[in-house]
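For what it's worth, UniProt numbering labels the leading residue of the sequence shown as 1, then goes sequentially.
For each residue, glycine too, the CB sits at the ideal point set by N, CA and C.
Given the structure is predicted, the values throughout are model-derived calculations rather than measurements.
Below is one structure; the comments refer to it alone.
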Amino acid sequence: MTTPAPKLGPQKQPRVVAELGRPETPEETAYRKAQSSRAHRMNQTTKNLVLSLIASVALLVVIVLIVPRPTSSDVKDVDYRQIASQAQQQVSVPLASPKLPSSWKANDAEIKPAGADGVQSWYIGLITPDTQFIGLTQGINANDTWVADQLDETAQTTVATVDGVAWDVYDRRSQSSTGNFAYAMVATIGTSTVVLSGTASTPQFDLVARQVVTELETK
Numbered sequence: 001m002t003t004p005a006p007k008l009g010p011q012k013q014p015r016v017v018a019e020l021g022r023p024e025t026p027e028e029t030a031y032r033k034a035q036s037s038r039a040h041r042m043n044q045t046t047k048n049l050v051l052s053l054i055a056s057v058a059l060l061v062v063i064v065l066i067v068p069r070p071t072s073s074d075v076k077d078v079d080y081r082q083i084a085s086q087a088q089q090q091v092s093v094p095l096a097s098p099k100l101p102s103s104w105k106a107n108d109a110e111i112k113p114a115g116a117d118g119v120q121s122w123y124i125g126l127i128t129p130d131t132q133f134i135g136l137t138q139g140i141n142a143n144d145t146w147v148a149d150q151l152d153e154t155a156q157t158t159v160a161t162v163d164g165v166a167w168d169v170y171d172r173r174s175q176s177s178t179g180n181f182a183y184a185m186v187a188t189i190g191t192s193t194v195v196l197s198g199t200a201s202t203p204q205f206d207l208v209a210r211q212v213v214t215e216l217e218t219k
């Protein structure tokens with residue numbers, strides 16, 4: 001006796017794709033799934049990049065907040081007037097050691113031996129109350145080569161008279177990048193040529209220039 005074949009239910013018809021107006025072929029289905037998977041991976045990668053960027057920015061903010069910033073009290077302070085008194089024995093001309101308010105500091109003071117230009121010099125690195133900088137360099141029997149080297153061969157912009165002494169002024173503040181040389185003043189007093197250069201304000205430069213004149217003209 002023959003067993004009747006089981007009855008099959010309604011067969012599921014392939015889905016009609018609206019864009020095609022017909023069912024997808026197996027190749028088209030595989031391609032669509034591959035594209036969908038690729039789009040998902042790209043989207044996930046973008047999300048990961050954004051999250052990584054946010055994490056990096058957050059870390060930078062934390063570092064900025066927790067790392068202490070230098071203040072005027074953190075600046076190295078050397079007694080440049082005492083060092084000048086000791087160094088005076090090494091040179092035959094008076095050394096400038098301008099008397100400034102106690103809110104000013106110095107982070108360096110030294111005699112610099114003569115280089116190729118043959119000029120020995122005395123240097124003080126001054127820090128203003130608002131943590132700006134003025135470097136005082138006193139060249140002993142200086143020559144034009146030495147002066148040009150101190151000023152990076154910058155062109156003079158004007159002349160300022162401080163306590164009767166004419167100072168050549170070199171103003172580079174309008175330039176985009178000046179480093180520690182935004183402004184400079186140069187004067188010859190006796191056998192010394194004094195170069196003041198740095199980032200401080202004009203009144204602060206004038207104060208140092210005035211005290212330098214007082215120091216060198218009264219010694």
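Asked, Found
"Among 181, 117, 38, 123, nearest to residue 132 - alpha-carbon criterion", "181"
"The region 180-197 contacting the region 91-111, beta-carbon criterion three pairs below 8 Å", "yes"
"Enclosing beta strand (DSSP E) for residue 109 [first to last residue]", "105-112"
"Outcome for residue 137 when other beta-carbon atoms lying within 10 angstroms are tallied against a minimum of 16", "buried"
"Cβ shell of residue 187 (< 6 Å), same chain only, five flanking positions each side left out", "165, 167, 194"
"Rounded straight-line distance, which links the Cα of residue 130 to that of residue 38", "57 Å"
"Pair within 7 Å by beta-carbon distance, residue 185 and residue 209", "yes"
"Every unbroken alpha helix (DSSP H) inside the region 111-177 [4 residues or more]", "144-150"
"Alpha carbon of residue 248 to alpha carbon of residue 91, nearest angstrom", "For residue 248 there is no data in the structure shown, the boundaries of the chain being 1 and 219."
"Among 177, 83, 78, 146, the one whose alpha carbon lies nearest that of residue 198", "177"
"For residue 187, three-class secondary structure by DSSP", "strand"
"CB contact flag (residue 128, residue 204, <7 Å)", "yes"
"Nearest-angstrom Cβ-Cβ length linking residue 160 and residue 169, presumed shorter than 8 Å", "5 Å"
"Distance, residue 215 Cα to residue 123 Cα", "15 Å"
"Which residues DSSP lists as bridging residue 194, in chain order", "138, 187"
"7 Å Cβ cutoff, residue 86 in contact with chain D", "Looking at the structure shown, chain D is missing, and only one protein chain is on hand."
"Which listed residue (81, 85, 135) has its alpha carbon closest to that of residue 179", "135"
"Residue burial classification, residue 285 (beta-carbon count within 10 angstroms, cutoff 16)", "It is not possible to answer for residue 285, since the shown part of the chain is limited to 1 through 219."
"Residue 213, buried or exposed, once every other Cβ within 10 Å from all chains shown has been counted against 16", "buried"
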